[in-house]
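Visitor: Residue numbers (UniProt numbering): 1 to 347. Heads up, the beta-carbon is just placed ideally off N, CA and C, and yes, glycines get one too. For clarity, every value in this text was computed on a predicted model and none was experimentally measured.
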């Protein structure tokens, strides 16, 4: 079927918007005057809209010098703000001595990270550096040049310092969570991650990455116990610094598999009976107790205690006639609801 795009065009050109990518279109044009409308003229070839691909933009800021020795300079840089419609595949570093105007490409093959140590430099020479990004289409322009830096061993190091503290992170249980901080120092500090005082090791569950300035821990969350405090500690020969944050996991409530409910609960006549239910789930769910169809609330003989890990029903001076039977506990948050029936027998 043919659709009218615009019946009020007075010129001989028109921009057609709202087309679907990779769908074949034909167009035709009719002229109109006071005597009527002409026969349409159809385009000779079909048109297939596609996102135009271009080389990427260069990194917008100069590369940052992270560390210097008499023959090397460690650099870090940001990713381009615009990849040109095609993923950035790598980077090239250009260097020049400040005594000349000639820029020289340092690496023959692409660097796939945003951090690199340029080696083989001349001691006491002063250098500047700039970055070129590449995608499948081509090379970007060059980034702004770094500040001049002299290749010499530093007289004194710099203790690690936190540029950006690690923020608390909330994510859904079962999804990957990323905790990041910015720490710098000279020489480049050694970065380690800890939980409950135990060092975390690179694995399927924990993945660590760093560009020399921003350090990231990715946690593949699998259970509610993965939430808690995580700590990043940076150390070099001059000093040490740490920053911590809390990981919070959201999930529908469920009864804790490590603390299964009993088939039946027993209490002696006149005694105090406690029904203790452990659960997992965030946000903390609303917790409700029922005896049969009756909603239970705190009173002189009943105490209900709810925490972020359990709900606790305490009944004093239990009697066979009034307290025996089936109790239901219900947990509910924005992600779901779960309930269980507890059978109570008074002997």
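1. Look up residue 225 in the DSSP assignment and say whether it is helix, strand or coil.
2. Alpha carbons only, please: which of 96, 160 and 178 is nearest the one belonging to residue 229?
3. Can you give me the start and stop residues for the alpha helix (DSSP H) that residue 170 sits inside?
4. With a threshold of 6 Å on Cβ separation, who are the neighbours of residue 77 within its own chain once the five nearest residues in sequence on each side are excluded?
5. From 54, 262, 34 and 28, pick the residue whose C-alpha is nearest to that of residue 46; which is it?
6. Residue 332 bridges to which residues according to DSSP?
7. Kindly indicate which residue of 3, 37 and 52 has the alpha-carbon position closest to the one of residue 21.
8. Any idea what DSSP makes of residue 323, helix, strand or coil?
9. Expressed to the nearest angstrom, what Euclidean distance is found between the alpha-carbon atoms of residue 302 and residue 317?
10. Only counting the same chain, and skipping five residues up and downstream in sequence, which positions put a Cβ closer than 6 Å to that of residue 108?
11. Once DSSP output is grouped into helix, strand and coil, what is the label at residue 303?
12. If I'm right that residue 91 touches residue 110 with Cβ under 8 Å, what's the distance once you round it to whole angstroms?
13. With three or more C-beta pairs closer than 8 Å as the rule, is the region 221-241 touching the region 148-163?
14. Please check the pair residue 245 and residue 166, which I expect to be a contact at CB under 8 Å, by giving their CB distance rounded to whole angstroms.
15. To the nearest angstrom, how far is the alpha carbon of residue 314 from that of residue 225?
16. Hey, residue 88 and residue 135: beta-carbon distance below 7 Å or not?
17. Output needed for residue 189: all residues of its chain with C-beta closer than 6 Å, excluding positions within five of it in sequence on either side, in chain order.
18. So, is residue 143 buried or exposed, given that buried needs 16 or more other C-beta atoms within 10 angstroms?
19. According to the neighbour-count rule (16 or more other Cβ atoms, all chains shown, within 10 Å of its Cβ), is residue 104 buried or exposed?
20. With H, G and I counted as helix, E and B as strand and the rest as coil, what does DSSP make of residue 20?
21. Following the continuous beta strand (DSSP E) through residue 309, name the residue where it begins and the one where it ends.
22. Alpha carbon to alpha carbon, what distance is there between residue 339 and residue 293?
23. Evaluate residue 129 with the Cβ neighbour count: other Cβ atoms within 10 Å of its Cβ, from every protein chain shown; 16 or more gives buried, anything less gives exposed.
24. Thinking C-beta only, is residue 199 closer than 7 Å to residue 192?
25. Please specify which runs of the beta strand (DSSP E), each continuous and at least 3 residues long, are wholly inside the region 7-77, giving them in chain order.
26. Tell me the DSSP secondary structure of residue 150 in three-state form.
27. Using 10 angstroms around the beta-carbon of residue 2, count the other beta-carbons present and answer buried if the total reaches 16, otherwise exposed.
28. Mind reading off the beta-carbon distance from residue 195 to residue 248? Whole number of angstroms is fine, and I expect it under 8 Å.
29. Over what stretch of residues does the beta strand (DSSP E) that includes residue 83 continue unbroken?
30. Would DSSP call residue 166 helix, strand or coil?
31. Should residue 65 and residue 184 be called a contact, given that it needs their Cβ atoms to be closer than 7 Å?
32. What do you get for residue 348, buried or exposed, if any count of 16 or more other CB atoms within 10 angstroms of its CB means buried?
33. As a quick exercise: from 268, 240, 279 and 214, pick the residue whose alpha carbon is nearest that of residue 259.
34. Evaluate residue 344 with the Cβ neighbour count: other Cβ atoms within 10 Å of its Cβ, from every protein chain shown; 16 or more gives buried, anything less gives exposed.
35. Taking just the CA atoms, how far does residue 211 sit from residue 352?
36. What does the Cβ neighbour count give for residue 250, buried or exposed, with the cut at 16 atoms within 10 Å?
Guide: On the basis of the data shown:
1. helix
2. 178
3. Note, residue 170: premise wrong, no alpha helix (DSSP H); beta strand (DSSP E) at 169-172.
4. 59, 63, 114 and 131
5. 28
6. 286 and 337
7. 52
8. helix
9. 10 Å
10. none
11. strand
12. 6 Å
13. yes
14. 4 Å
15. 27 Å
16. yes
17. 160, 234, 235 and 236
18. buried
19. exposed
20. coil
21. Segment: none, residue 309 is in no beta strand (DSSP E) and carries neither H nor E.
22. 14 Å
23. buried
24. yes
25. 64-68 and 73-76
26. strand
27. exposed
28. At roughly 14 Å, the Cβ-Cβ gap does not stay under 8 Å, so residue 195 and residue 248 are not in contact.
29. It is not in any beta strand (DSSP E) - residue 83 carries neither H nor E in the DSSP assignment.
30. coil
31. no
32. The structure shown does not extend to residue 348, since the chain spans only 1 to 347, so no value can be given for it.
33. 279
34. buried
35. This structure gives no information on residue 352, because the portion of the chain shown stretches from 1 to 347.
36. buried
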